[in-house]
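For reference, the structure is listed below as structure tokens.
Protein chains in written order, with my numbering: chain X, 4 to 113; chain P, 585 to 702.
Okay, here's the thing in structure tokens:
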């Protein structure tokens with residue numbers, strides 16, 4: 004079975020500050036990991052994915068994530084956030100079926 | 585491409601009524617997924633199809649829920665009869681799923697259908 008734990012339900016941060024959204028996974032098979040973003044009243048959009056190869060993955064909008072097998076983590080980072088990054092972020096694991104975490108709400112204030 | 589198209593975007597109905605949600609996947613995609621999102625349970629996979637065939641419906645809550653995919657460009661999720669606890673946002677997503685050894689499956693989501701059952 005596969006599962007994802009997002010440790011923070013909400014992360015408040017000031018504009019231009021760095022941010023890290025935490026994600027830990029559990030998987031007994033090949034690990035494919037994803038981060039999706041959901042803006043208000045919209046569907047989920049893919050931010051980035053880890054399939055294999057380099058453990059540092061770069062995505063859209065300046066986000067990146069690092070796959071850490073020993074710690075079973077896939078934390079999402081951005082060195083400097085913008086107001087427009089305010090959204091819900093979902094970590095997911097899986098191959099054919101994706102299992103999503105409960106989401107982390109990123110709140111960026113001026 | 586217009587992306588995954590869902591309708592209606594909003595539906596308000598009364599308990600006991602039939603609800604039908606519709607989805608048009610991205611052209612060329614061979615897999616379609618129905619998810620439900622609630623505050624309490626987050627995102628739950630209800631069912632997914634591959635080449636129009638239901639592969640896994642273990643997430644369908646009960647017999648009141650049914651899903652069909654009559655062709656590669658259309659799917660429906662039906663709730664009959666509806667209950668207040670069915671209130672949620674229902675997402676459809678599609679992907680191009682490779683074969684058994686094809687690896688990861690990247691989903692493209694629709695904007696969702698927000699259902700309110702009174």
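For glycine and all other residues, C-beta sits at the position ideal for the given N, C-alpha and C.
- So, are the CB atoms of residue 665(P) and residue 600(P) less than 8 Å apart? yes
- Message: I want to know whether the segment 660 to 676 of chain P touches the segment 85 to 101 of chain X - three or more CB-CB distances under 8 Å.
- Response: no
- Message: Closer than 7 Å between beta carbons: that is the criterion. Which residues of the segment 97 to 108 of chain X meet it against chain P?
- Response: 98, 99, 100, 101, 103, 105, 106
- Task: Give the straight-line distance between the Cα atoms of residue 113(X) and residue 88(X), rounded to the nearest whole angstrom.
- Result: 12 Å
- Message: Counting C-beta neighbours from all protein chains within 10 Å, is the total for residue 624(P) 16 or more, i.e. buried, or is it exposed?
- Response: exposed
- Item | residue 631(P) burial status per 10 Å Cβ neighbour count (16 or more: buried) | buried
- Item | Distance, residue 598(P) Cα to residue 49(X) Cα | 35 Å
- Query: Which residues, in chain order, does the segment 6 to 36 of chain X contribute to contact with chain P at a C-beta distance below 8 Å?
  - Reply: 33, 35
- Compare the C-beta of residue 56(X) against all C-beta atoms of chain P and say whether one is closer than 8 Å. no
- Task: Take every Cβ of the segment 49 to 61 of chain X, pair it with every Cβ of the segment 23 to 38 of chain X, and state whether three or more of those distances are shorter than 8 Å.
- Result: yes
- Query: What are the residues that DSSP puts in a beta bridge with residue 660(P)?
  - Reply: 606(P), 652(P)
- If we cut at 8 Å on Cβ distances, does residue 72(X) have a partner in chain P? no
- Task: Could you tell me which of 679(P), 682(P), 674(P), 690(P) sits nearest to residue 590(P), measuring between CA atoms?
- Result: 674(P)
- Item | Residue from 28(X), 23(X), 21(X), 10(X) with nearest C-alpha to residue 73(X) | 28(X)
- Message: As an exercise, report each continuous beta strand (DSSP E) stretch of at least 3 residues that is fully enclosed by the segment 26 to 88 of chain X, in chain order.
- Response: 27 to 29, 36 to 41, 47 to 53, 59 to 61, 67 to 71, 76 to 81
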